[in-house]
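J.: Let me give you the structure first, and then I'll get to my questions.
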Amino acid sequence: MKITLLLSLALPLILTACSEKRSEQAREETPACRHYRMMMTAPIPPDVHNRLKLACEASMAE
């Protein structure tokens, strides 16, 4: 009885966790924004960080 209850609760959780749910931002993200996002935590000078951010913003405006 407990196993049936456990399985009936676990199955929807597993299916929900495995379902693909992508935001629109992820689908429409430009290469410049992906690069900026990857470099956000990198130890780079502030001016380089700012240039990457501006390049991302410019690519989104196009």
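According to mature numbering (1 follows the signal peptide of the UniProt record, and there is no 0), the stretch in the sequence shown is residues -17 to -1, 1 to 45, in order. By construction, the Cβ of each residue, glycine as well, lies at the ideal position given by its N, Cα and C atoms.
(1) Just mark residue 35 as buried or exposed, buried being the case when its beta carbon has 16 or more other beta carbons within 10 Å.
(2) Please confirm whether residue 15 and residue 42 have their CB atoms less than 8 Å apart.
(3) So, with DSSP's three-state summary, where would you put residue -8?
(4) If residue 38 sits next to residue 19, beta carbons under 8 Å apart, how far is it from one beta carbon to the other, in whole angstroms?
T.: Working from what's here:
(1) buried
(2) yes
(3) helix
(4) 7 Å
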